[in-house]
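*Asks:*
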Amino acid sequence: MAGSHHLQQEVPRLQQKLFFVFIFAVVCASLYFFLSGFCDSSLMDTAKYLRQTSKLLPLTQLFQRKNATVEKTVTDFGLSTSSLIRSPGVPGAHIDNVGKDWAATRRLPQAIIIGVKKGGTRALLEFLRLHPDIRALGSEPHFFDRHYSRGLNWYRTVNLSGRTALLMLRSMMPRALEGQVVLEKTPRYFVTAESPGRIHTMSKEVKLIVVVRDPVTRAISDYTQIVSKTPGVPTFETLTFRNGTESELEVDTLWSPISIGLYALHLERWLAYFPLEQIHFVHGERLVSDPAGEVGRVQEFLGLQKIITDKHFYFNKTKGFPCLKKPEGSSKPHCLGQTKGRPHANIHPQVIHRLHQFYQPHNLRFYQMTGQDFGW
Ligand code: A3P
1 MAGSHHLQQE VPRLQQKLFF VFIFAVVCAS LYFFLSGFCD SSLMDTAKYL RQTSKLLPLT
61 QLFQRKNATV EKTVTDFGLS TSSLIRSPGV PGAHIDNVGK DWAATRRLPQ AIIIGVKKGG
121 TRALLEFLRL HPDIRALGSE PHFFDRHYSR GLNWYRTVNL SGRTALLMLR SMMPRALEGQ
181 VVLEKTPRYF VTAESPGRIH TMSKEVKLIV VVRDPVTRAI SDYTQIVSKT PGVPTFETLT
241 FRNGTESELE VDTLWSPISI GLYALHLERW LAYFPLEQIH FVHGERLVSD PAGEVGRVQE
301 FLGLQKIITD KHFYFNKTKG FPCLKKPEGS SKPHCLGQTK GRPHANIHPQ VIHRLHQFYQ
361 PHNLRFYQMT GQDFGW
């Protein structure tokens, strides 16, 4: 009797102890993830990566496996390993880097796609990801426009934005080897007044890429997106023109679908910080009609070997756009999602004509500034 009574007293105590041990373990694990995210430095990166990988495979096997992965990517796209010999500015860097993943670190970007919204920025990023010497961030970090006060270390290592914010910490910049180009895209940078100065403070050498497209089509594309997110918004015409009597329609340059297309105006701010040679303009229309040609010029601009070619693309008749035969990390053909390349809102031809007239002097100025005629 006394024994069972004693046992009845002990069980709750044991349960209580187990509960505290469990809570302690959870707190420790959370702290570990929290600190490993925030204190991410080059040294810690390397050490952590070594610790993780050595648990899984002996180093020699790991190197063999990584070599095999690189080989697979290469043969998947009909390339020979010899075509990978050169890396940006470092002849032979790619071959030298094979099997040196432990040396990969998180770095600030060497190249940024700064704009323009609805120009074809997602397509360009997805295409560039095929290059073995490009390490691109998939999401838009919005560091230089929205999160600048968080500091460069946050930008390099930690991503607190989006749905994951309260749940876990995600890495921001991907790990990259020496010679690889770290790339991010945030189209809003192009039109944010503070971005040029802030990016210049981060790096004077960073390479900037802008995908431009006929500003009229771009505005309609932008409006189509607004309607898809907020049904019931006023018509395109209503939002485009102010004080509108038919004869004296004034274009509302404060409405963002219109103002984003004033490329010359925005470019002026960038040229106050960066020389023109450091900014590459991708022709948005040609990115659709000749993706390999446009991506080829970007590879050249980034100092990379032309590895992404015609072989990587096919024209998908249903979508009406070029798609990838085999995107990064997959063996299946892949087109961009439904929000990219969707049918546009119907706009009266007169409105389109009026807008073309409006943009004409701005476009001409943009052609003069860039030394390129985009033919809009
Ligand atoms: P539309 O949806 O108006 O056609 P962004 O990624 O900068 O938001 O740009 C979206 C635009 O990318 C699309 O606008 C589409 O025209 C263009 N685009 C360029 N190449 C594309 C591709 N291969 N697939 C889908 N859209 C592409």
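Its first residue numbered 1, the sequence shown is counted upward by one per residue in UniProt numbering. Built from N, CA and C at the ideal position, the CB exists for glycine as well. As the structure is a computational prediction, the values presented were derived from the model and not from experiment.
For Gln368, is the classification buried or exposed, using 16 other Cβ atoms within 10 angstroms of its Cβ as the cut-off for buried?
*Replies:* Residue 368 sits at position 368 when you count from the first residue of the sequence shown. Label assigned to Gln368: exposed.
*Asks:* Using DSSP with H/G/I as helix, E/B as strand and the rest coil, what is Val206?
*Replies:* One-based indexing of the sequence shown puts residue 206 at position 206. In this structure, Val206 counts as coil in the three-state DSSP scheme.
*Asks:* In the DSSP assignment, what are the bridge partners of Thr105?
*Replies:* Locating residue 105 in the sequence shown gives position 105, counting from the first residue. Bridge partners of Thr105: Ala176.
*Asks:* Which residues bound the beta strand (DSSP E) around Ile113?
*Replies:* Translated into the one-based positions of the sequence shown, residue 113 becomes position 113. From DSSP, the beta strand (DSSP E) with Ile113 extends over Ala111 to Gly115.
*Asks:* Which two residues bound the contiguous alpha helix (DSSP H) that contains Val181?
*Replies:* On the sequence shown, position 181 is the one that residue 181 refers to. Not the alpha helix (DSSP H): Val181 falls in the beta strand (DSSP E), residues Val181 to Lys185.
*Asks:* So does the region 145 to 156 actually touch the region 317 to 325, counting three or more Cβ pairs closer than 8 Å?
*Replies:* No, because fewer than three Cβ pairs between the region 145 to 156 and the region 317 to 325 fall closer than 8 Å, the two stretches do not touch.
*Asks:* Is Leu137 close to the ligand A3P? I mean its beta-carbon at under 7 Å from any heavy atom of the ligand.
*Replies:* Numbered from its first residue, the sequence shown carries residue 137 at position 137. Every heavy atom of the ligand A3P is 7 Å or more from the Cβ of Leu137, so no.
*Asks:* Classify Phe143 as helix, strand or coil using the three-state DSSP reduction.
*Replies:* As a working note, residue 143 is residue 143 in the sequence shown. Of the three classes helix, strand and coil, the one that applies to Phe143 here is coil, per DSSP.
*Asks:* Among Leu262, Asn316 and Gly179, which has the Cα closest to the Cα of Pro361?
*Replies:* The residue you call residue 361 lines up with position 361 of the sequence shown. For the residues Leu262, Asn316 and Gly179, the minimum Cα distance to Pro361 belongs to Leu262.
*Asks:* List the DSSP bridge partners of Val282.
*Replies:* To locate residue 282, count along the sequence shown from 1; it is residue 282. Looking at the DSSP assignment, Val282 forms a beta bridge with Val211.
*Asks:* Under a three-way DSSP split, which group does Glu194 fall into?
*Replies:* Looking up residue 194 in the sequence shown gives position 194. Coil, per DSSP.
*Asks:* Tell me whether Val210 counts as near the ligand A3P, meaning its Cβ is closer than 7 Å to at least one heavy atom of that ligand.
*Replies:* Position 210 of the sequence shown, counting from 1, holds the residue named residue 210. No; taking the cut-off as 7 Å, the Cβ of Val210 has no heavy atom of the ligand A3P nearer than that.
*Asks:* Which residues bound the beta strand (DSSP E) around Arg135?
*Replies:* Start at 1 with the first residue of the sequence shown, and residue 135 comes out as number 135. Start and end: Ile134 to Ala136.
*Asks:* Under DSSP, the beta strand (DSSP E) around Leu324 begins and ends at which residues?
*Replies:* Locating residue 324 in the sequence shown gives position 324, where the first residue counts as 1. Leu324 -> beta strand (DSSP E) spans Phe321 to Leu324.
*Asks:* Tell me which same chain residues have a C-beta within less than 8 Å of the C-beta of Ile308, skipping the five on either side of it?
*Replies:* Residue mapping note: residue 308 aligns to position 308 of the sequence shown, counting from 1. Answer for Ile308: Phe127, Leu128, Leu130, His131, Ala292, Val295, Gly296 and Gln299, listed in chain order.
*Asks:* Say the cut is 7 Å; is the CB of Lys332 nearer than that to a heavy atom of the ligand A3P?
*Replies:* The count along the sequence shown starts at 1 and reaches residue 332 at position 332. It does not: the Cβ of Lys332 is nowhere closer than 7 Å to a heavy atom of the ligand A3P.
*Asks:* So what's Glu268 in DSSP terms, helix, strand or just coil?
*Replies:* For this step, residue 268 is matched to residue 268 along the sequence shown. Residue state, collapsed to three classes: helix.
*Asks:* Spatial neighbours of Ile347 within its chain, please: CB distance less than 6 Å, with the 5 preceding and 5 following residues excluded, ordered by chain position.
*Replies:* Translated into the one-based positions of the sequence shown, residue 347 becomes position 347. Cβ neighbours of Ile347 beyond the five flanking positions: Ile220 and Phe236.
*Asks:* Between Tyr223 and Ala345, is the Cβ-Cβ spacing less than 8 Å?
*Replies:* The sequence position of residue 223 within the sequence shown is 223, counting from 1. The sequence position of residue 345 within the sequence shown is 345, counting from 1. For Tyr223 and Ala345, yes; Cβs fall inside 8 Å.
*Asks:* For Leu254, count the other beta carbons within 10 Å of its own beta carbon; 16 or more makes it buried, fewer makes it exposed. Which is it?
*Replies:* Taking the first residue of the sequence shown as 1, we reach residue 254 at position 254. Looking at its Cβ environment, which holds fewer than 16 other Cβ atoms inside 10 Å, Leu254 is exposed.
*Asks:* Quick check on the DSSP output: the alpha helix (DSSP H) that includes Asn243 runs from which residue to which?
*Replies:* Counting from one through the sequence shown, the residue named residue 243 turns up at place 243. From DSSP, Asn243 is part of no alpha helix (DSSP H); its letter is neither H nor E.
*Asks:* Let me know if Thr339 comes out buried or exposed under the rule of 16 or more other beta-carbons within 10 Å of its beta-carbon.
*Replies:* Position 339 of the sequence shown holds residue 339. So Thr339 counts as exposed.
*Asks:* Let me know the secondary structure DSSP gives Glu250 once reduced to three states.
*Replies:* Stepping through the sequence shown from its first residue, residue 250 is reached at position 250. Glu250 falls in the strand class under three-state DSSP.
*Asks:* Looking at Ala111: is its Cβ nearer than 8 Å to the Cβ of Leu177?
*Replies:* Translated into the one-based positions of the sequence shown, residue 111 becomes position 111. Translated into the one-based positions of the sequence shown, residue 177 becomes position 177. No, the pair does not count as a contact, with Cβ atoms beyond the cut-off.
*Asks:* Could you spell out the range, first to last residue, of the alpha helix (DSSP H) harbouring Phe358?
*Replies:* If you number the sequence shown from 1, residue 358 lands on position 358. Pro349 to Thr370 is the span of the alpha helix (DSSP H), which, as asked, contains Phe358.
*Asks:* Taking only three categories from DSSP, how would you classify Asn316?
*Replies:* Your numbering for residue 316 matches position 316 in the sequence shown. Three-state DSSP puts Asn316 in a strand.
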